[in-house]
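**Q** In the numbering used here, the protein residues as written are 890 to 1061.
Just so you know, even glycine gets a beta-carbon here, dropped at the ideal spot from N, CA and C.
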């Protein structure tokens, strides 16, 4: 059962690890925005992103540490709030040759999907009294990380392949 003390570590890990990975990806995307805003821009938008990233980090820790029904529901609510609060990060998917925006966009979208999947799967499995399969969820998590790696390589290679070098006269 969800939230009961007698649930096996394997079952808990299968569900919570998927949700925690999703929340972690969302938080990482938000932290990337905070750091880049501080480095590249004047930093006016940093407070809201810093708050969202902090919420993401705290909820990720709570879901990982406590792995109870309330923490999983909190994780799903936080996923929706963070998803709506930073929905524009998904637009980075349309910038494949801008590695930072693209990778943050992929991390954000994959994080939202993984977190919601892990949370909903936990609720359904607990309601029906079924234990989760760690093999299936491990494959999903590995697949998501593989997609992120391929996307990062694609974006970085595309960035350097599309760069043109201009002479000083052309640049002026």
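Once you ignore the five residues that flank residue 1040 on each side, which residues in its own chain have a CB closer than 6 Å to its CB?
**A** Answer for residue 1040: 995, listed in chain order.
**Q** Quick one: any contact between the stretch 984-991 and the stretch 946-965, if contact means 3 or more CB pairs under 8 Å?
**A** Verdict: no, contact absent.
**Q** For the alpha helix (DSSP H) holding residue 1065, just list the boundary residues, first then last.
**A** No answer is possible for residue 1065: it lies beyond the span of the chain, which begins at 890 and ends at 1061.
**Q** Does the Cβ of residue 1025 have 16 or more other Cβ atoms within 10 Å, making it buried, or fewer, making it exposed?
**A** Flag for residue 1025 reads exposed.
**Q** Does residue 908 come out as helix, strand or coil in the three-state DSSP assignment?
**A** It is helical.
**Q** Tell me the rounded alpha-carbon separation between residue 950 and residue 1004.
**A** For residue 950 and residue 1004, the distance between alpha carbons rounds to 13 Å.
**Q** Taking the Cβ atom as the reference point for each residue, do residue 919 and residue 941 lie within a distance shorter than 7 Å?
**A** Contact flag set, yes.
**Q** What is the DSSP secondary structure of residue 932, reduced to helix, strand or coil?
**A** Of the three classes helix, strand and coil, the one that applies to residue 932 here is coil, per DSSP.
**Q** Do residue 904 and residue 1027 have their C-beta atoms within less than 7 Å of each other?
**A** Going by C-beta atoms, residue 904 is not nearer than 7 Å to residue 1027.
**Q** If residue 1002 sits next to residue 911, beta carbons under 8 Å apart, how far is it from one beta carbon to the other, in whole angstroms?
**A** Indeed they touch by this definition, with Cβ atoms about 7 Å apart.
**Q** Work out the CA separation of residue 979 and residue 998 for me, nearest whole Å.
**A** If I take the Cα positions, the gap works out to 6 Å.
**Q** Give the DSSP-derived three-state secondary structure of residue 988 in the structure shown.
**A** If DSSP states are grouped into helix, strand and coil, residue 988 belongs with the helices.
**Q** Does the beta-carbon of residue 938 have 16 or more other beta-carbons within 10 angstroms, so that it is buried, or is it exposed?
**A** So residue 938 counts as buried.
**Q** Give the DSSP-derived three-state secondary structure of residue 1010 in the structure shown.
**A** Note: residue 1010 maps to helix in three-state DSSP.
**Q** Have a look at residue 932 and residue 953 and give me their C-alpha separation to the nearest angstrom.
**A** Approximately 31 Å between the Cα atoms of the pair.
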